[in-house]
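In my numbering, the protein residues as written are 70 to 389.
Here a beta-carbon is modelled for each residue, glycine too, at the ideal position from N, C-alpha and C.
Just so you know, these numbers come straight off a predicted model, no measurement behind them.
Shown next, in structure tokens, is the structure this report addresses.
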Ligand SMILES: [Zn+2]
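Structure representation (structure tokens):
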């Protein structure tokens, strides 16, 4: 009976943001699923309904025990990559004028291949959109390695940029500005926010231009971008300041308390994080100055001081 239900219950939803397929249970609408690879079944982990009994094994049909074997048996290229302008799917005509068995080509054939190669390069980036994308994705690779952005976030920002390009939001804006904005937003989507100022420093665009691009994307793209929470910043700032783990933990505790007391509402999360780190650094005996913390968090010293005063007053923390 479950088997019968499963065929009707197949409900695949394509998540465009990540490119991954996710299942939603038809019976209890839970999104948690368990994939049983030996049976090829997708089972709802909440109620046990079989959502699909025909999952396809995407892995290779061969086995390899050594790296050499792996190399000789592998016959596919790298995975699809949104952050390459062609998703890594173009055909490349090699520069060596040899055929499949390694023999030299005849001169007529060589001329033909030469012409093919020329047109292949020309058609690769034929429209202005494609050209824009090609430049943008190169910039994205450069900037994300400068900011040490991980692969998953780079992919998300590539998808955001592609959507913006399709909606013609890039018109009249610089490529760099839009790329920076999509990176900034992707960081927030993955809940590892970067201060707007930090992104600007690395990319050499003004804060004003970046926030303009960010607002443009947010307004027209219908993205679900969670607000940055002060807690998300603690680890980064803490590491940059070289404070011990205990101090980071303390800062998170303070922020949780502040959140319960509704102190964080309407406040810049960077400022809140900075103040919490300041308090925690004093409490755990690894004191950092307000100036040091303010510089790391890209806020003013005054902000740190004000947030710190509020926190100490309202939460009744004694730092002396
Ligand atoms: Zn279920």
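Check your understanding: How about residue 96: is its Cβ closer than 7 Å to a heavy atom in ligand 1?
Key -> Start at 1 with the first residue of the chain shown, and residue 96 comes out as number 27. It does: the Cβ of residue 96 is within 7 Å (strictly closer) of some heavy atom of ligand 1.
Check your understanding: Any heavy atom of ligand 3 closer than 7 Å to the Cβ of residue 118?
Key -> Ligand 3 is not part of this structure, which contains only ligand 1.
Review point. Would a C-beta distance cut-off of 8 Å place residue 290 and residue 253 closer than the cut-off?
Key: Taking the first residue of the chain shown as position 1, residue 290 is located at position 221. Taking the first residue of the chain shown as position 1, residue 253 is located at position 184. It is not a contact, given that the beta carbons lie outside the stated cut-off.
Exercise for review: Could you please give the first and the last residue of the uninterrupted alpha helix (DSSP H) stretch that includes residue 346?
Suggested key: Sequence index remark: in the chain shown, residue 346 carries index 277 (1-based). Residue 346 -> alpha helix (DSSP H) spans 338-352.
**Study point:** Whether residue 376 touches residue 336 by CB criterion (8 Å)
**Key:** Here the question's residue 376 lines up with position 307 in the chain shown. Here the question's residue 336 lines up with position 267 in the chain shown. Yes. Within cutoff.
Check your understanding: Applying the criterion that 16 or more other CB atoms from any shown protein chain within 10 Å of the CB defines a buried residue, is residue 125 buried or exposed?
Key -> If you number the chain shown from 1, residue 125 lands on position 56. Classification of residue 125: exposed, given that the 10 Å Cβ count is below 16.
Review point. In whole angstroms, what is the alpha-carbon distance linking residue 150 and residue 379?
Key: The sequence position of residue 150 within the chain shown is 81, counting from 1. The sequence position of residue 379 within the chain shown is 310, counting from 1. C-alpha separation (whole angstroms): 47 Å.
**Study point:** Helix, strand or coil at residue 190 according to DSSP, with G and I counted as helix
**Key:** Translated into the one-based positions of the chain shown, residue 190 becomes position 121. Here residue 190 sits in helix by DSSP.
Check your understanding: Does the distance from the C-beta atom of residue 161 to that of residue 174 stay below 8 Å?
Key -> Working through the chain shown from its first residue, we reach residue 161 at position 92. Working through the chain shown from its first residue, we reach residue 174 at position 105. Not in contact: residue 161 and residue 174 (Cβ atoms no closer than 8 Å).
Review point. Run through DSSP, which three-state label would residue 283 get?
Key: Locating residue 283 in the chain shown gives position 214, where the first residue counts as 1. The DSSP-derived three-state label of residue 283 is helix.
Exercise for review: Using only the heavy atoms of ligand 1, determine whether one of them is closer than 7 Å to the beta carbon of residue 36.
Suggested key: One cannot answer for residue 36 here, as it falls past the ends of the chain, which runs 70 to 389.
Exercise for review: Within the same chain, show all residues whose beta-carbon is closer than 7 Å to that of residue 319, passing over the 5 residues directly before and after it, in chain order.
Suggested key: On the chain shown, residue 319 is found 250 positions in, with the first residue counted as 1. Within the same chain, residue 319 has close Cβ partners 349, 352, 353.
Practice item. Enumerate, from N- to C-terminal direction, the unbroken beta strand (DSSP E) stretches of 3 or more residues contained entirely within the segment 117-155. Key: Fully enclosed beta strand (DSSP E) runs of 3 or longer: 119-121.
Practice item. Decide if residue 264 is buried, meaning its Cβ has at least 16 other Cβ atoms within 10 Å, or exposed. Key: In the chain shown, residue 264 corresponds to position 195, counting from 1. Buried is the call here.
Check your understanding: By DSSP, does residue 167 sit in helix, in strand, or in coil?
Key -> Taking the chain shown and counting its residues from 1, one reaches residue 167 at position 98. Note: residue 167 maps to strand in three-state DSSP.
Review point. In chain order, what residues of the same chain lie with their CB nearer than 8 Å to the CB of residue 72, ignoring the 5 residues before and after it?
Key: Here residue 72 is taken as the residue at index 3 of the chain shown, counted from 1. Only weak support is given to the placement of residue 72: the predicted model assigns it a pLDDT of 38, under 50, and the value that follows is read from those uncertain coordinates. Excluding sequence neighbours, residue 72 sits near 119, 122.
Exercise for review: Take residue 189 as the anchor and find which of 197, 159, 199, 202 has the nearest alpha-carbon.
Suggested key: Looking up residue 189 in the chain shown gives position 120. For residue 189, the nearest C-alpha among the options comes from 159.
Exercise for review: Please confirm whether any heavy atom of ligand 1 lies closer than 7 Å to the CB of residue 121.
Suggested key: Indexing the chain shown from 1 puts residue 121 at position 52. No - ligand 1 has no heavy atom lying nearer than 7 Å to the Cβ of residue 121.
Point to revise | Buried versus exposed, by CB contacts within 10 Å (16 or more), residue 230 | key: Numbered from 1 along the chain shown, position 161 holds the residue referred to as residue 230. When all chains shown are included, residue 230 counts as buried.
Check your understanding: Quick one: is residue 293 buried, meaning 16 or more other Cβ sit within 10 Å of its Cβ, or exposed?
Key -> Walking along the chain shown from the start, residue 293 turns up at place 224. When all chains shown are included, residue 293 counts as exposed.
**Study point:** Segment limits, alpha helix (DSSP H) that includes residue 268
**Key:** The residue you call residue 268 lines up with position 199 of the chain shown. Element bounds for residue 268: 265-272.
Check your understanding: Taking C-beta to C-beta, are residue 346 and residue 312 nearer than 8 Å?
Key -> On the chain shown, residue 346 is found 277 positions in, with the first residue counted as 1. On the chain shown, residue 312 is found 243 positions in, with the first residue counted as 1. A contact, by the Cβ cut-off of 8 Å.
**Study point:** Bounding residues of the beta strand (DSSP E) (the contiguous stretch that carries residue 256)
**Key:** Start at 1 with the first residue of the chain shown, and residue 256 comes out as number 187. Where residue 256 is concerned, there is no enclosing beta strand (DSSP E), although the alpha helix (DSSP H) it sits in stretches over 244-258.
Point to revise | Cβ neighbour criterion (16 or more within 10 Å) applied to residue 233 | key: Mapped onto the chain shown, residue 233 falls at position 164. By the 10 Å Cβ count, residue 233 comes out buried.
Exercise for review: Mark residue 390 as exposed unless 16 or more other C-beta atoms lie within 10 angstroms of its C-beta, in which case mark it buried.
Suggested key: Nothing about residue 390 can be read from this structure; the chain reaches only from 70 to 389.
Review point. Among residues of its own chain, excluding the 5 on either side of residue 246, which ones have a beta-carbon nearer than 7 Å to its beta-carbon?
Key: Residue mapping note: residue 246 aligns to position 177 of the chain shown, counting from 1. 274, 278, 279, 282.
Review point. If we call anything under 8 Å between Cβ atoms a contact, is residue 339 one with residue 366?
Key: Stepping through the chain shown from its first residue, residue 339 is reached at position 270. Stepping through the chain shown from its first residue, residue 366 is reached at position 297. Result yes, Cβ atoms of residue 339 and residue 366 sit closer than 8 Å.
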